[in-house]
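Protein sequence lines, in the order shown, are assigned to chains S and P.
Quick note: the first sequence, position 117, residue 136 per this note's numbering, numbers continuous.
Quick note: the second sequence, position 7, residue 379 per this note's numbering, numbers continuous.
Glycine included, C-beta positions come from ideal geometry on N, C-alpha and C.
Only one structure is covered here, and it is reproduced in the block below.
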Amino acid sequence: MPRYFTDEHEWIDVDGDNATVGITDYAQSQLGDIVFVELPETGSQVSKGKDAAVVESVKAASDVYAPITGEVLESNPALDDDPALVNSSPEDEGWFFKLAIADKAELEGLMDAAAYKAFCDSL
Amino acid sequence: MSSESETETEIQTLPLDAWHRGKGARMVPFAGYAMPIQYAADHGGGIVAEHEWTREHAGLFDVSHMGQLMVTGENAAAALETLVPGAIASLKPGRVRYTLLLNEDGGVIDDLMVTNATPWIDGDEETGTEGHWGEPAYYLVVNGATKWDDIGHLREHLPDDVTLTHMDEQALIALQGPQAAAALTRVMRGVPESLVFMQSTTHDFGEWPLRVTRSGYTGEDGFEISVPAEFAQGLADRLCAEIEVRPAGLGARDSLRLEAGLPLYGHDMDENIDPVSADLTFALTKKRRETGGWMGHEPVAKVLEQGPEQKRVGLILEGRLPAREGAEVFVGDRQVGRITSGGFSPTLGHPIAMAYIDADHTGEGTALEVAVRNKRLAAKVAPMPFVPHRYYRGS
């Protein structure tokens with residue numbers, strides 16, 4: 020299952036026509052202690068590069084963007100009860116939402132793991 | 373955190389800059405200086421970790437951005453009393469008072485701590501001179517972002533026979549938390565024991581001349597230590613060598629002061645807000661409310677008599693979503709106020725806020741709604757502090 024990354028520090032796992040989206044370990048370390056995650060509703064449309072979710076840390080509210088366009092199939096119910104999962108397991112249990120990919124061509128231009136690591140090292 | 377950064381001016385560094393970076397601090401511009409917002413996790417850092425450590429043990433905060441001023445002269449107290457609504461002339465040596473600088477309209481220019489720092493001059497048995505108090509001196513600690521305006525205001529209004537000195541070679545370190553006294557007494561034997569809340573003393577720590585004040589901005593017992601900049605790092609290291617003490621940044625400082633119900637200048641009050649609306653009436657010394665003689669007295673007396681239109685109150689929010697500065701507060705369709713500070717309370721586990729609310733909706737327990745993005749969050753008016761103060765007032 021290929022995983023891609025954006026320069027806004029979201030990750031996206033592609034599984035056939037669907038994908039799972041979350042934020043990276045680098046992103047959670049920058050945000051600090053997360054106390055609330057506002058997730059998109061099932062059935063809603065998210066657009067590549069546009070607001071899809073909001074992460075509230077103790078410090079501030081931060082937007083999370085959709086890496087690609089699609090229809091939201093499910094939001095992670097575990098984040099309602101335990102938003103700190105985003106800190107403890109950002110790239111696994113702390114996933115944000117799953118979506119039906121509208122256009123696979125949008126995946127082009129996203130980074131792979133090696134490119135994303137190089138990108139973070141350059142920051 | 374809700375503090376604005378000042379990117380338009382050149383960002384300056386403070387004496388402990390390298391010390392913070394050595395502890396993996398994330399530095400942000402604040403009040404014109406690079407300041408640590410939080411430290412690296414391998415130094416026990418993170419806003420919540422630093423917050424909780426301070427509530428349980430002791431946090432060390434660098435607050436060297438704040439303005440430290442000395443006002444001296446035989447008429448210093450009387451002159452200061454023309455500019456602040458608190459009693460200064462009756463403040464005994466070694467005592468500290470929270471007060472306000474007000475403008476002609478009664479708006480708050482700044483909030484500050486005033487210490488009577490008049491030195492005691494020892495007698496000399498050989499020459500037969502008796503011990504006596506020296507020239508009256510008042511030590512002021514003002515906000516970092518407002519210090520230059522404060523200095524301008526004081527210079528303009530203090531008479532020529534009163535001297536204002538900006539102690540810009542001093543750093544300021546706050547040690548805050550229930551174990552602050554235990555840690556400090558191991559470093560400076562007898563000093564914590566000689567002070568209760570809102571008392572201050574000078575102390576020579578080896579060659580380092582310090583001023584130690586039992587006060588702070590977290591709601592906990594603690595101390596603020598003024599130290600010459602060149603010795604700041606040595607003092608910070610010495611304090612952090614104690615098992616109870618870990619560095620804490622601006623992020624924890626903001627969440628701690630919010631829980632303690634302590635307003636932040638520039639957010640929870642400013643020059644367009646009078647002290648009565650800001651719920652700082654306690655800073656208006658009772659007798660001086662009638663006698664006046666301080667800048668802004670007339671407009672403030674009017675608000676005291678008629679009651680404020682809006683008042684700063686505490687809000688407790690339902691759920692986990694915090695409401696931040698600027699969020700509008702409603703009763704039904706009617707906007708009744710606005711949040712000026714808000715965040716998630718690590719100690720309480722739910723969001724809290726300070727807000728200015730129309731006076732007829734400020735009763736404790738009043739149900740309100742806060743608009744955050746497309747949501748309406750249920751909130752109620754709550755007494756402050758949200759987390760009880762634990763100042764040391766003597767055994």
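If only uninterrupted beta strand (DSSP E) runs of at least 3 residues are considered, those enclosed by the stretch 451-497 of chain P are 468-474 and 480-488. Three or more pairs of CB atoms, one per stretch, sit closer than 8 Å, so the stretch 504-519 of chain P contacts the stretch 480-494 of chain P. G715, F716 and P718: these are the residues of the stretch 703-732 of chain P whose beta carbon lies less than 7 Å from some beta carbon of chain S, given in chain order.
If you compare the alpha carbons of P:R745, P:G709, P:N746 and P:P760 with that of A739 (chain P), the shortest gap goes to P:G709. S141 (chain S) sits exposed, since fewer than 16 C-beta atoms from the chains shown fall within 10 Å of its C-beta. Put simply, the backbone Cα of I729 (chain P) is about 35 Å away from that of I545 (chain P). Against I419 (chain P), the close residues of chain S are G51, D52, V77 and K78, in the order they occur along the chain (beta-carbon pairs closer than 7 Å). The stretch 380-418 of chain P is shown to contain whole alpha helix (DSSP H) runs of 4 or more residues at 389-394, in chain order. Look at L634 (chain P): its C-beta is not under 8 Å from any C-beta on chain S. Under the three-state reduction of DSSP, H639 (chain P) is assigned to coil, being neither helix nor strand. Not a single CB atom of chain S sits nearer than 8 Å to the CB of G445 (chain P).
Each of P:G623, P:E690, P:L693 and P:P647 was checked against the Cα of A397 (chain P), and the nearest Cα belongs to P:G623. Residue P:Q384 holds the alpha-carbon nearest to the alpha-carbon of F402 (chain P) among P:Q384, P:V672 and P:G686. Residue burial annotation: K136 (chain S) is exposed, with fewer than 16 other C-beta atoms found within 10 angstroms of its C-beta. For Q410 (chain P), the nearest CB of chain S lies under 8 Å from its own CB, placing it at the interface with that chain.
Interface residue (Cβ-Cβ distance to chain S less than 8 Å): G686 (chain P) is not classified as such. Judged by their CB atoms, P457 (chain P) and R660 (chain P) are nearer to each other than the 8 Å cut-off.
Nearest in C-alpha terms to A553 (chain P), of all of P:D414, P:E476 and P:T426, is P:T426. Residues of the stretch 672-702 of chain P that bring their beta carbon within less than 9 Å of a beta carbon in chain S comprise G691, R692, L693, P694 and R696, in sequence order. Between the stretch 658-678 of chain P and the stretch 465-484 of chain P there are three or more inter-stretch CB-CB distances shorter than 8 Å, so the stretches are counted as touching. At a cut-off of 8 Å, the C-beta of G396 (chain P) has no neighbouring C-beta in chain S.
By alpha-carbon distance to E382 (chain P), the top candidate from P:R618, P:A632 and P:Y405 is P:Y405. Under the three-state reduction of DSSP output, I523 (chain P) falls in the helix class. Fewer than three Cβ pairs drawn from the stretch 606-623 of chain P and the stretch 642-654 of chain P lie within less than 8 Å of each other, which leaves the two stretches out of contact. For H538 (chain P), the three-state secondary structure derived from DSSP is strand.
Within its own chain, the residues whose Cβ lies closer than 8 Å to the Cβ of G89 (chain S), once the five positions on either side in sequence are excluded, are A38, Q64, V65, L118, A119, I120 and A121, listed in chain order. If you check the CB distance, D52 (chain S) and N106 (chain S) come in under 8 Å.
Nearest CB-CB separation between G623 (chain P) and chain S: below the 8 Å threshold.
The stretch 687-704 of chain P and the stretch 740-753 of chain P touch, with three or more beta-carbon pairs separated by less than 8 Å. W492 (chain P) and V563 (chain P) have their C-alpha atoms spaced approximately 17 Å apart. By the criterion of at least three beta-carbon pairs nearer than 8 Å, the stretch 39-58 of chain S is in contact with the stretch 409-419 of chain P. Apart from sequence neighbours up to five positions away, the residues of its chain that approach A655 (chain P) with a beta-carbon distance below 8 Å are P457, G458, Y470, T471, L472, D483 and P647, ordered along the chain. Under DSSP, Y84 (chain S) shares a beta bridge with S:D70. For S598 (chain P), no alpha helix (DSSP H) encloses it; the enclosing beta strand (DSSP E) starts and ends at G594 to P600. By the criterion of at least three beta-carbon pairs nearer than 8 Å, the stretch 629-638 of chain P is not in contact with the stretch 434-441 of chain P. In this structure, E424 (chain P) lies away from P619 (chain P), with their beta-carbon atoms at least 8 Å apart.
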